[in-house]
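Some notes on the structure that comes next.
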Amino acid sequence: MSWALVFEQLLNGLQYGVMLFLMAAGLTLVFGIMNLVNLAHGSLYMVGAYLAAAATQWTGNYLLGVALGLAGTLVVGMAVEVIALRTLYERDHLDQVLATFGLILFFNELIAIVWGRAPLYSSLPPWLQGHIKLFAGSTYPVYRAAVIVVGLLVAALLWYVVTRTRLGMLIRAGASNRTMVGALGVNIKLLYTVVFGCGAALAGLAGLMAGPIYAVQPGMGELILIQVFVVIVIGGIGSIRGALVGAIIVGVVDTLGRAFLKPLLGTMIPPTAAEAAGPALASMLIYLLMAVVLAVKPAGLFANR
Amino acid sequence: MRARLILWGIAGLLLVALPPLATALGQPYYVDLVRRILILAIAAISLNLILGYGGLVSFGHAAYLGIGAYAVGILGFHGIANGWIHLLVAIGASALVAAAIGAVSIRTSGIYFIMITLAFTQMLYYLGISLDVYGGDDGMRLRSRSQFAGLVDLRDPVAFYYVALGVMLLFVFLTYRIVNSRFGMALRAAKSNEARSRAIGFPPYPYRLAAFIIAGAMCGVAGALYANHTGYITPGLMAWHQSGEMMFMVILGGMASTAGPVLGTFALLLIEEVLKGWTEHWQVILGPLLVLSVVFFRRGLAGIFFKPDA
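Heads up: the protein sequence lines correspond to chains A and B, in order.
Counting from 1 along the first sequence, just add 31 to a position and that's the residue number in the numbering used here.
Counting from 1 along the second sequence, just add 992 to a position and that's the residue number in the numbering used here.
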């Protein structure tokens, strides 16, 4: 196990972490402001991946496809908010979970009707293929590096919007006292729809960036959604900073675990046992991490409510 | 109260009379279908104990269905076919896992509890996938059904049907007794007002944890029966769709009513059956139906027919 390999896996972990962050940021914003648990957030991730793949094929231009995919997910997100979720803000979390569970079934099946159940493979333009040189002759795929850069840029942008703009001020105000914000003459309904749409677009961005790396197929959103839950539980719900830290921790731990746990166990216990226990333990690692964090800090690392 | 008893009487008679009727009509498929519903109703009854009466929104109850099923499958794989041992291990393992998950997750509440129970069940799901010896992702065929020497043969579909019906009725009765015991009252008190319950000397944690363990163990029995029903175990039993469906069974039927989950299970699975007959893409209809039921149909089926118990 060389250091170059460890470094590469660390980068992979970071790359997965920023994608988890894009998902977690939207979910935690929507929860923080509207007090809404949205299981269908993973469906928006899937919608983003499919729309971008379809638009790229249709226009023949990758960037145009990405733009259309993002815009499409934004519109789908806002439509879902207006049609289905608006009535659920005053309900308890149980009702929200159940209704958004219904939405997941709907979206998965709708996608299967339109595009079929077989995984979709999207191609990258030439300038995103290939590798960049790192130190000591090791290389890293351009595309994954681009995902990391985009993810960190979006995190910075999000920080700027939330702390430095009028919209961000309304978002923070809405999170701490909704009734008061409404009483001060802010169109709270519109604010909710805009925030939900932005959260959807972030999920869509994560989805369309995931497309070329993982398989694009119905149900792809659920796998990442549950890991996003782990991120949010670790980071503390409603906190964007917590989402960022939690996402990177989970991304790195999960990736390193899958890459190195088996060989590492192999040095301690017989190889056949390591062969069996390694993958099992690796896939359970982040959940165990979550249990430990909860045992120490039941409200997460950056709880603000 | 009288109308209620009569309704239940008719429903019970129908369930008892179903196998001979279906056989006479040459439709043995219905015995199979209703048996599956009865077994899942047992799971829903157990979930109702914590969700309906305890107010614990567990989004991971499928875990115990899976553990019960895997107990039967794994023991059978190693040549142990004795049904009583199967049941004992299914109950014990489910209770143990429920104790571990409950001990961590009941410390939290609200949305955290939902996410954590979901995450832990997902963990078990991945564990099931990585168990290559027991079929991994594809699952595994049972070597043999659980054997209850001389008592009943589960390979006989009708006999198995009556076993499922009997266990379900037993669990309805058990839940009724638990909920109306001193323990059940403490559990319900903690749901309706945690602060007051604490103030009068009933800290919710131990009651909730105990209920969580009991519910897990009950669901383990359902899992053991389910494995015998399908003759097949797969990690898919622990998938989160299963947990979500179980919550819907409870909610559709009406939370916190003893037999509500049974009604809900029948309603959900029969609707699914009808939709599956219409189209391959039945979920595209079921999804919006479920959303509508949450928005407009708040008290569940039991709310239409009866006054809620609690």
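Even glycine gets a Cβ: it sits at the ideal position worked out from N, Cα and C.
Computed from a predicted structure; not experimentally measured.
Closest by CA to residue i, which one among the options?
i: L1041/B; options: N1220/B, G1252/B, G1269/B; result: G1252/B
i: G1193/B; options: A1182/B, A1231/B, V1144/B, L1079/B; result: A1182/B
i: A1216/B; options: L1281/B, A1035/B, L1013/B, R1180/B; result: A1035/B
i: P294/A; options: V283/A, V284/A, E306/A; result: E306/A
i: L70/A; options: A241/A, Y171/A, V259/A; result: V259/A
i: L151/A; options: L325/A, V283/A, Q88/A, M211/A; result: Q88/A
i: I265/A; options: G79/A, A86/A, G331/A, V181/A; result: G331/A
i: Y1118/B; options: P1011/B, Y1218/B, L1032/B, P1227/B; result: P1227/B
i: M50/A; options: L141/A, L256/A, I202/A, V212/A; result: L256/A
i: G103/A; options: R117/A, G238/A, F333/A; result: G238/A
i: A308/A; options: V1266/B, T1167/B, V1125/B; result: V1125/B
i: L159/A; options: R175/A, G147/A, L201/A; result: R175/A
i: F1112/B; options: Y1104/B, R1099/B, I1093/B; result: I1093/B
i: V128/A; options: S1173/B, V1283/B, I1002/B; result: V1283/B
i: F1258/B; options: L997/B, I1031/B, A1009/B; result: I1031/B
i: P157/A; options: V111/A, K328/A, N92/A, M240/A; result: N92/A
i: A1085/B; options: V1254/B, I1206/B, I1243/B; result: I1206/B
i: I202/A; options: C229/A, G182/A, V181/A, V180/A; result: C229/A
i: M1210/B; options: R994/B, A1033/B, L1025/B, Q1019/B; result: A1033/B
Using beta carbons (cut-off 7 Å, strictly below), is residue i in contact with chain B?
i: V324/A; result: no
i: F227/A; result: no
i: S270/A; result: no
i: L151/A; result: no
i: V118/A; result: One point to set straight first is that residue 118/A is Thr, not Val, in the sequence displayed. Answer yes: the Cβ-Cβ gap between T118/A and chain B drops below 7 Å somewhere.
i: A334/A; result: no
i: I219/A; result: no
i: Y318/A; result: yes
i: V261/A; result: yes
i: V16/A; result: The question about residue 16/A has no answer, for chain A in this structure spans 32 to 336.
i: H72/A; result: no
i: P310/A; result: yes
i: G133/A; result: yes
i: L125/A; result: yes
Any beta-carbon of chain A closer than 7 Å to the one on residue i?
i: I1059/B; result: no
i: P1300/B; result: For P1300/B, the predicted structure reports a pLDDT of 47, less than 50, and the residue's modelled location is therefore unreliable. A value from the coordinates is still provided. It does not: the Cβ of P1300/B has no partner Cβ on chain A nearer than 7 Å.
i: G1252/B; result: no
i: G1004/B; result: no
i: M1107/B; result: yes
i: T1100/B; result: yes
i: Y1197/B; result: no
i: M1230/B; result: no
i: A1016/B; result: no
i: A1111/B; result: yes
Could you round the C-beta distance between residue i and residue j to whole angstroms and report it? I think they count as a contact, below 8 Å.
i: L222/A; j: G205/A; result: 6 Å
i: A313/A; j: G288/A; result: 4 Å
i: Y81/A; j: V247/A; result: 6 Å
i: V1276/B; j: I144/A; result: 6 Å
i: S1122/B; j: G1128/B; result: 7 Å
i: M1115/B; j: Y318/A; result: 4 Å
i: V1096/B; j: A322/A; result: 5 Å
i: L67/A; j: G1279/B; result: About 18 Å; that fails the 8 Å criterion.
i: T196/A; j: G44/A; result: Contact flag wrong, Cβ pair sits at about 31 Å.
In terms of residue numbering, what span does the beta strand (DSSP E) encompassing residue i cover?
i: V72/A; result: For the record, residue 72/A in the displayed sequence is His; it is not Val. Looking at the DSSP string, H72/A is not in any beta strand (DSSP E); the run it does join, the alpha helix (DSSP H), is 72–90.
i: K328/A; result: That residue, K328/A, is in no beta strand (DSSP E); it is neither H nor E in DSSP.
i: I244/A; result: Taken as a continuous stretch (DSSP letters only), I244/A belongs to no beta strand (DSSP E), as it is neither H nor E.
i: Y1045/B; result: From DSSP, Y1045/B is part of no beta strand (DSSP E); its letter is neither H nor E.
i: H162/A; result: 162–164
Could you check where the alpha helix (DSSP H) with residue i kicks off and where it finishes?
i: Y171/A; result: From DSSP, Y171/A is part of no alpha helix (DSSP H) but of the beta strand (DSSP E) over 170–172.
i: Q40/A; result: 34–65
i: G216/A; result: It is not in any alpha helix (DSSP H) - G216/A carries neither H nor E in the DSSP assignment.
i: N1220/B; result: 1196–1222
i: F132/A; result: 124–146
i: T1250/B; result: Careful: T1250/B lies outside any alpha helix (DSSP H) and carries neither H nor E.
i: W1000/B; result: 994–1016
i: R203/A; result: 197–207
i: M299/A; result: Unbroken run through M299/A: none, as it is neither H nor E.
i: I114/A; result: Counting along the chain, I114/A falls outside any alpha helix (DSSP H), and DSSP gives it neither H nor E.
i: P1280/B; result: 1275–1288
i: L1244/B; result: 1232–1245
i: F1069/B; result: 1054–1069
Using a cut-off of 9 Å between C-beta atoms, extract the partners of residue i located in chain C.
i: Y1126/B; result: Structure shown: chain C not included; protein chains present are A and B.
**Request:** Just list the alpha helix (DSSP H) runs in the stretch 1157–1192 of chain B, keeping only unbroken ones of 4 residues or longer that don't cross its boundaries, in chain order.
**Result:** Along the stretch 1157–1192 of chain B, the alpha helix (DSSP H) occurs as fully enclosed runs of 4 or more residues at 1174–1184, 1186–1191, listed in sequence order.
**Item:** Runs of alpha helix (DSSP H) wholly within the stretch 253–292 of chain A (minimum 4 residues, chain order)
**Value:** None, since the stretch 253–292 of chain A contains no complete alpha helix (DSSP H) of that length.
**Asked** Quick one: complete alpha helix (DSSP H) runs, 4+ long, within the stretch 1071–1147 of chain B?
**Response** Taken in chain order, the whole alpha helix (DSSP H) runs of length 4 or more contained in the stretch 1071–1147 of chain B are 1075–1097, 1102–1122.
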